[in-house]
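Using this note's numbering, the first residue of the sequence shown is number 1, and each one after it goes up by one. Working notes, structure below.
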Amino acid sequence: MLSRIIDWSGRNRFLVVHAALFITLGDIHALLRTPIDALPDLADVQVIVYTEYAGQAPQVVEDQVTYPLTTAMLAVPKSKVVRGFSFFGASFVYIIFDDDTDIYWARSRVLEYLSSAAGRLPAASPPPRA
Numbered sequence: 001m002l003s004r005i006i007d008w009s010g011r012n013r014f015l016v017v018h019a020a021l022f023i024t025l026g027d028i029h030a031l032l033r034t035p036i037d038a039l040p041d042l043a044d045v046q047v048i049v050y051t052e053y054a055g056q057a058p059q060v061v062e063d064q065v066t067y068p069l070t071t072a073m074l075a076v077p078k079s080k081v082v083r084g085f086s087f088f089g090a091s092f093v094y095i096i097f098d099d100d101t102d103i104y105w106a107r108s109r110v111l112e113y114l115s116s117a118a119g120r121l122p123a124a125s126p127p128p129r130a
């Protein structure tokens, strides 16, 4: 079988060379049209809410800041995961969205829900930042 292909290629050199040239040009054309990112963005669409509550223990920050914010952010449309972390004097709430969500739309929804949840936060803490 292989010897017949070699014999046919030897008899039809012109056709084989042109076919190889056509395939090579097609490959180069496809390579030039393919978008290539040096570092593709594989990160989830997420918005981080940071709140300070100076001088308070992590448990107090959890009870008075992180928990109310986390429960309010659970209602944000297209949110996939909501995670809250409390530290000494600081609170972080991560809202992770579906992959097809626009980052600016997600941020505006989080700010909208933050304004409604601000009344449940202690008066001594400055407003949260997203």
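Here a beta-carbon is modelled for each residue, glycine too, at the ideal position from N, C-alpha and C. Given the structure is predicted, the values throughout are model-derived calculations rather than measurements.
Apart from the five residues on each side of it in sequence, which residues of its chain come closer than 8 Å, Cβ to Cβ, to R120? For the purposes of this step, residue 120 is identified with residue 120 of the sequence shown, where counting begins at 1. For R120, where only same-chain residues beyond five positions count, the Cβ hits under 8 Å are P68 and A72.
In chain order, what residues of the same chain have a beta carbon less than 8 Å from the beta carbon of V110, not counting five sequence neighbours either side? Position 110 of the sequence shown, counted from the start, is the residue given in the question as residue 110. Once the five neighbours on either side are set aside, the close Cβ partners of V110 are V47, V49, M73, V76, I95 and A130.
First and last residue of the uninterrupted beta strand (DSSP E) at E52: Here residue 52 corresponds to residue number 52 of the sequence shown, with the count starting at 1. Residues Q46 to E52.
DSSP state of I96, grouped into three classes? Here residue 96 refers to the residue found at position 96 of the sequence shown. In this structure, I96 counts as strand in the three-state DSSP scheme.
Among D37, A124, A43 and S91, nearest to P58 - alpha-carbon criterion: The count along the sequence shown starts at 1 and reaches residue 58 at position 58. A check of alpha carbon separations from P58 across D37, A124, A43 and S91 identifies S91 as the nearest.
Answer yes or no: does any C-beta atom of chain D fall closer than 8 Å to that of V76? Considering every chain present, this structure includes no chain D. It has just one protein chain.
Do you know whose CA, among D100, D7 and L2, lies nearest L42's CA? Reading the sequence shown from its first residue, position 42 is the one you call residue 42. With distances taken between Cα atoms, L42 lies closest to D100.
What did DSSP end up calling V82 once you bin it into helix, strand or coil? Sequence index remark: in the sequence shown, residue 82 carries index 82 (1-based). In the structure shown, V82 sits in a strand (DSSP, three-state: E or B).
Would you tell me roughly how many angstroms separate the C-alpha atoms of F97 and V81, rounded to the nearest one? Residue mapping note: residue 97 aligns to position 97 of the sequence shown, counting from 1. Residue mapping note: residue 81 aligns to position 81 of the sequence shown, counting from 1. Their Cα atoms are separated by approximately 7 Å.
Cross-strand partners of F22 (DSSP beta bridge): Within the sequence shown, residue 22 is the residue found at index 22, counting from 1. Its beta-bridge partners do not exist; DSSP assigns none.
Could you give the C-beta distance for V61 and S86, rounded to a whole number, given that I count them as a contact under 8 Å? By one-based count along the sequence shown, residue 61 stands at place 61. By one-based count along the sequence shown, residue 86 stands at place 86. Confirmed, Cβ separation roughly 4 Å.
When the Cα atoms are used, what is the spatial distance from R13 to I23? Along the sequence shown, read from residue 1 onward, the residue named residue 13 stands at position 13. Along the sequence shown, read from residue 1 onward, the residue named residue 23 stands at position 23. R13 and I23 have their C-alpha atoms some 15 Å from each other.
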